[in-house]
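Asks:
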Amino acid sequence: MPPTDPARESGSESGSDLRSDTRLDAMHRRLFDASPNPYLVLDRRLRIVTANPAYLAVTGRSLDDLVGRCPWEAFPASPDTERQVRESFERVIATGREDTVALLRFDIARPGGTGEVEERWWTITHTPIAGADGAVEMILQHPIEVSAVERLGAVPAGDALAELAAGPSGLIDRARRVYETNRDLKADVERLQSLFRKAPGFMAVLRGPRHLFEFVNDAFVGLLGERDYLGRTVRAVLPDLEGQRVFETLDWVFEQAREFVGYDLAVHVRDGGRNERRRINLIYSPIVEQGTVAGIFVEGTDVTEQHRARAIVEEQLVQLRRAEHLQAFQLALSDCLRPLTSAEEVIGAASRLLGERLDLARVVFAEVAVPSMRVTVRRDWCRAGLAGVAGRDTTLDDFGPDMADALRAGHDVLVADVRDDPRTLSHQAAYEAIGVRAYLTIPLLKGGGLRVALSLHATAPRAWSADELRIARETAERTWAAVEVARAQAELRAERDESQYIFDTMTEGFGLIDRDWRVVRMNNAGLQLVQRSRAEVVGHNHWDVFPAAIGTEIERMCRQVYAERRAGSVDYGYPLPEGGTRWMEVRAFPAMDGGLAVFFRDVTARHEAEDRLRLEAHRKDEFLAMLAHELRNPLAPISAAADLLALGSPDPARIARTSAIITRQVGHMTSLVDDLLDVSRVTRGLVALECVPVDVKAMVADAVEQVRPLVEGRRHRLELHLAPEHAVVMGDRKRLVQVLANLLGNAAKYTPEGGRIALHMEVEPEPDDGRVVLCVIDDGIGMTPEVRQGAFELFTQAERTPDRSQGGLGIGLALVKSLVELHGGSVTAHSEGPGRGSRFTVFLPHAAAPMPGPGAPRDAGGMALARAGSGRSVLVVDDNVDAAQLLAMLLETAGHRAAVEHAPGAALARARAEPPEACILDIGLPDMDGNELARRLRALPGMAGVLLIALTGYGRPQDREAALAAGFDHHLVKPVDVQQLLGLLG
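What follows is the structure in structure tokens.
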């Protein structure tokens, strides 16, 4: 074989001739180029001289890239591979004999220029080519790829390897023998043709510009059929290939002297009864003789089956991607629906997910009632800007009877355009009303009839795909299953809520006990409640783990449930391992395996709340009894005085004493009522403080003045210990006096006669101006720890003693605490115990504000009482006859002229006939309240400037504001302060 370079466009120099016969050189050149087997030629320096096209195709390299380089430079390999190749070359040069390396790894770059390499395994035969002097001048390398054998682990050994090497490499042996012995070239060509004829790839040799068949192998005939090939043109032999650009391509290769390579080309073969399409990989190589294209060598492979297999794989991949897409959607749907417990939430979430995934305009879940076929949409999902249809009530027939019939039969309905579909043409209005142009509806038949329909809406024409139909059907089934589960769970929850166990829905701990009383399961919440680890509980006998429960109500309940197989419940005070008791509600149910399922939860707070409720109920009972007592005390002398006035002679002195008694007792009752209202307003935060700088010493003096009668009446010794420095606090003077007076009065009430009461005042320096400390100390009955703990709660009192007639209602200290906290301070109570006195300490923020000058008014409380009027005409309106008459008598005694009416209408008529100078009106009148009466009186001629006074039992701030807004000049609360009323009239 000539070692000349076969490249026709590379421009590389040719190697030295092996024969002097140029005709034979050209023939061997063609054979070298035409051979399907890869060959590489190297010189004695192991530099690459040339390679045939088959070698370049296998390695994916160009000849320019290889010539002049060593194999391990052109094809980098491992050190072991390089060593084996060098040793083989050295043996060939040294011995002049052929050498075969059974298994070598040379990696080849993958097609496409990605830079990735592919692992390849080869059996390589090196054949010596002698020069004119008989020495080895060149080496012919013939690689045979055995990658598949290597990957399968079936590399042949021994004789099998030798046989493998003797296969394709026999061509080189024969060629070398031809070179050495100069045998007849024709016999050599025939042998080569025999090898080509049996080659698995199809081959043909075409001669001349008309492409006459000179040679075809069996694979070529197998591809295109039995025909009369040799000596005839391609166009004559293969007319069925006309129009498939076969002939045009051959002409181009011949004319341009350029190779054509095609992959996965489609060929339509029609030969007699055959009519099939094949896929081939094809190479057209020009045969150049003496610089001129003499023919074309055709070589290729039928890859129809590979193409079909690839098509099948690609289709499978498409199906797989679709399946993955559907599976991903199903997973997303499952994850979305799993945490939802409401049927409406399930429908809403599924509709949104489906609408966003398929880019829909609207998704509707409709329920169908049987047998009316009324359609109800409870919830839907809409794209932004599109109106929803939830809440609408319609029928299937409104959208076309054909559609309704299909859905009743369980058939999916797909409409690409409602304006073109004959089933919807006559019902355009129904679709336009909801903005639908295309839709897909999936019916769900339950119990043999249509119950649910999922409808997907589009606002433009749309061809619904099989994937969309599949996703919609899957969504409908899964969603409605989740809806049914959610509704079933909702029904179960409703039944559970209606059961006799009110706390079943709040269960926290859970334990499962088998028939042998072994704890087989307990959740984390249960372990936390019992303060045990899982290892301490699970797997152990229940009574060994909780021995304290033996002999208690919980054991009796559990054994009863175990024996009778009926649920039981009990509250159990569980002794905690670290000390203390935790109350737990324990409910036991018979389990299917014969054991018990136990639910338990912490109800300690409930037990404590019940204890507090019982205590508060007891306090309220005492308070009501005390209130009755305190109200009866002043009622008794009032009743006696009234009887005395009715029976006795009109003695002025007796009347004066009796009136004084009634006044005092009424004042006491008024004080009780005011205290009740006061504590209600303060504790609810309805009191607005009028904060000004208050002199603490002056405040103490006012408070002492208020309680002095009580202190003197019980012959107490009151001591004042006031700090010498000036003390000022910011606050409401009246409320602060009330705080201190309550504490002093409380000390007087709970200290036996002749006791000692001390009031201390001092200023503690602290950052930010410090604080003022007021401390009231007595040596009275003292307090138990229980009383001291709840001293500032409503209705709390120490035990009453027989000599304590001024007991109060138990609200004073609660009022004190609220008022002090409103001023930013705090109050504490202390007692060493019963009989050892009490100490109440008030802490108030100290203020550096200056006090008002001597000429400034102290407060509204210092206002002098007005004198009685000097003869006004007054209209009194009150539906309480006795109250109206007594008030009129009082006014007349004070020198006024009083007229009385008990109904609003009569009062308007009198005022219209005889306009009064002043009106005193009750608010709670029949037919028309006092506010409306005031507005109408103001509207009468001559009544715009009349003095209007509201005298009522409604004393809330909002009642006062409503009265003033109606036109009243003043708002007084019953029972009236007579001096204040007469002062207003004066």
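Numbering-wise, the sequence shown is residues -1 to 984 according to the working numbering.
Idealized CB from N, CA, C, for every residue including glycine.
Determine the burial state of residue 914: buried for a count of at least 16 other Cβ atoms within 10 Å of its Cβ, exposed for fewer.
Replies: Result: buried.
Asks: By the three-class DSSP mapping on this structure, what secondary structure does residue 82 have?
Replies: Three-state result, residue 82: helix.
Asks: So who's on the other strand from residue 871, going by DSSP bridges?
Replies: Answer is 895, bridged to residue 871.
Asks: By the DSSP assignment, the alpha helix (DSSP H) with residue 305 in it spans what residues?
Replies: 302 to 335 is the span of the alpha helix (DSSP H), which, as asked, contains residue 305.
Asks: Tell me which residues share the same chain as residue 927 and place their Cβ nearer than 7 Å to its Cβ, disregarding the 5 neighbours each side in the sequence.
Replies: Excluding sequence neighbours, residue 927 sits near 921.
Asks: Please check the pair residue 882 and residue 898, which I expect to be a contact at CB under 8 Å, by giving their CB distance rounded to whole angstroms.
Replies: Between residue 898 and residue 882 the Cβ distance is about 5 Å, and since that is below 8 Å, they are a contact.
Asks: State the start and end residues of the unbroken beta strand (DSSP E) segment that holds residue 567.
Replies: Where residue 567 is concerned, the enclosing beta strand (DSSP E) stretches over 566 to 573.
Asks: Near residue 753, what residues of its chain come up, given a Cβ to Cβ distance below 7 Å and the 5 sequence neighbours on each side ignored?
Replies: Taken in chain order, the residues that qualify are 714, 776, 777, 778.
Asks: Going along the chain, which residues of its own chain have a beta-carbon closer than 8 Å to the beta-carbon of residue 516, five neighbours each way excluded?
Replies: Once the five neighbours on either side are set aside, the close Cβ partners of residue 516 are 537, 538, 539, 540.
Asks: Between the alpha carbons of residue 973 and residue 389, how many angstroms are there, rounded?
Replies: Each residue's alpha carbon lies about 60 Å from the other.
Asks: Would a C-beta distance cut-off of 8 Å place residue 948 and residue 969 closer than the cut-off?
Replies: Taking 8 Å as the Cβ cut-off, residue 948 and residue 969 qualify as a contacting pair.
Asks: Assign residue 832 to one of two classes, buried (16 or more other C-beta atoms within 10 Å of its C-beta) or exposed (fewer than that).
Replies: With fewer than 16 Cβ atoms within 10 Å of its Cβ, residue 832 is classed as exposed.
Asks: Give the secondary structure of residue 915 by DSSP, where H, G and I count as helix, E and B as strand, and everything else as coil.
Replies: Coil at residue 915, not helix or strand.
Asks: Hey, how far is the Cα of residue 361 from the Cα of residue 483?
Replies: One C-alpha to the other measures close to 21 Å.
Asks: Measure the beta-carbon distance from residue 584 to residue 552 and round it to whole angstroms, keeping in mind my assumption that it falls under 8 Å.
Replies: The Cβ separation is near 6 Å, so the contact holds.
Asks: Beta carbon of residue 193, beta carbon of residue 37: below 8 Å?
Replies: Against a cut-off of 8 Å, the Cβ pair of residue 37 and residue 193 comes out as no contact.
Asks: Near residue 200, which residues of its chain fall below 6 Å by C-beta distance, leaving aside the five closest residues on each side in sequence?
Replies: So the qualifying residues of the chain are 217, 218, 221, 298.
Asks: Between which two residues does the alpha helix (DSSP H) holding residue 782 run?
Replies: Unbroken run through residue 782: none, as it is neither H nor E.
Asks: Please report how far the alpha carbon of residue 272 lies from the alpha carbon of residue 317, in whole angstroms.
Replies: Spanning the two alpha carbons is a distance of roughly 32 Å.
Asks: Who are the Cβ neighbours of residue 339 in its own chain at under 8 Å, not counting the five residues just before and after it?
Replies: Excluding positions up to five away in sequence, the list reads 484, 487, 488.
Asks: Near residue 400, which residues of its chain fall below 7 Å by C-beta distance, leaving aside the five closest residues on each side in sequence?
Replies: Within the same chain, residue 400 has close Cβ partners 421.
Asks: Could you check the C-alpha separation between residue 943 and residue 664 for me, to the nearest Å?
Replies: C-alpha separation (whole angstroms): 33 Å.
Asks: What does a CB cutoff of less than 6 Å around residue 799 pick up in its chain, not counting 5 residues either side in sequence?
Replies: With a pLDDT of 43 at residue 799, under the threshold of 50, the predicted position of this residue should be treated as unreliable, and no value is reported.
Asks: What runs of the beta strand (DSSP E), each 3 residues or longer, lie entirely inside the stretch 334 to 396?
Replies: Entirely contained in the stretch 334 to 396, the beta strand (DSSP E) runs reaching 3 residues are, in chain order, 360 to 366, 372 to 380, 391 to 393.
Asks: Check for me: the alpha helix (DSSP H) holding residue 542 runs from which residue to which?
Replies: That run of the alpha helix (DSSP H) goes 540 to 543.
Asks: Of the residues 838, 813, 734, which one's Cα is nearest the Cα of residue 780?
Replies: Of the candidates 838, 813, 734, the one whose C-alpha sits nearest the C-alpha of residue 780 is 838.
Asks: Looking at the structure shown, is residue 273 part of a helix, part of a strand, or coil, going by DSSP?
Replies: Residue state, collapsed to three classes: strand.
Asks: Residue 512 to residue 555, Cα distance in whole Å?
Replies: For residue 512 and residue 555, the distance between alpha carbons rounds to 16 Å.
Asks: In or out: residue 601 buried (at least 16 other Cβ within 10 Å) or exposed?
Replies: The residue is buried, with at least 16 neighbouring Cβ atoms inside 10 Å.
Asks: Can you check which of these residues, 244, 52, 561, is closest to residue 29 by C-alpha distance?
Replies: Residue 29 has its Cα closest to that of 52, out of 244, 52, 561.
Asks: Could you check the C-alpha separation between residue 197 and residue 320 for me, to the nearest Å?
Replies: Cα to Cα, the separation comes out at about 42 Å.
Asks: Alpha helix (DSSP H) containing residue 54: first to last residue?
Replies: Where residue 54 is concerned, the enclosing alpha helix (DSSP H) stretches over 51 to 57.
Asks: Let me know if residue 115 comes out buried or exposed under the rule of 16 or more other beta-carbons within 10 Å of its beta-carbon.
Replies: Counting Cβ neighbours within 10 Å, residue 115 comes out exposed, since fewer than 16 surround it.
Asks: Roughly how many angstroms lie between the CA atoms of residue 413 and residue 455, to the nearest whole one?
Replies: Cα to Cα, the separation comes out at about 10 Å.
Asks: My guess is that residue 812 and residue 786 are in contact by the Cβ rule of under 8 Å, so how many angstroms apart are they, rounded?
Replies: About 14 Å separates the two Cβ atoms, so there is no contact after all.
Asks: What would DSSP say about residue 250, mapped onto helix, strand or coil?
Replies: Of the three classes helix, strand and coil, the one that applies to residue 250 here is helix, per DSSP.
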